[in-house]
């Protein structure tokens, strides 16, 4: 029982450390900003990470880090969004990009 408790505590600490490491590195994605399913949530579709040589496209849920990050004004535009990505807890669901910066690239997505 004691070994199980120690192993479980170690796994929890390791998971927390990995999640912090994954979500603390800012990354820039370029894609199409779409409205999300609820107020204040957005979806970045056909997003490609800056520097990704394979140009793999992903979808990410986007939430602003604070009120200074105005995502609403960029809906349906092609944008670059910089922030920290947190993987989804549910397999097959998009991760969440907490946006620290958004930059307009084009009036339309395409």
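Numbering (the working numbering), first residue to last: 110 to 219.
Backbone N, C-alpha and C define an ideal beta-carbon position, used for all residues, glycine too.
Quantities reported herein were computed from a predicted structural model and do not represent experimental measurements.
Secondary structure in the stretch 172 to 212: the beta strand (DSSP E) runs of 3 residues or longer, each lying completely within the stretch, are 187 to 195 in chain order. Under DSSP, residue 215 shares a beta bridge with 187. Closest in C-alpha terms to residue 175, from the list 199, 150 and 137, comes 150. Beta bridge pairing from DSSP links residue 140 with 188.
The residues 152 and 154, in chain order, have a CB closer than 6 Å to that of residue 143 in the same chain once the five nearest residues on each side in sequence are set aside. Judged by DSSP in its simplified three-state form, residue 146 adopts coil rather than helix or strand.
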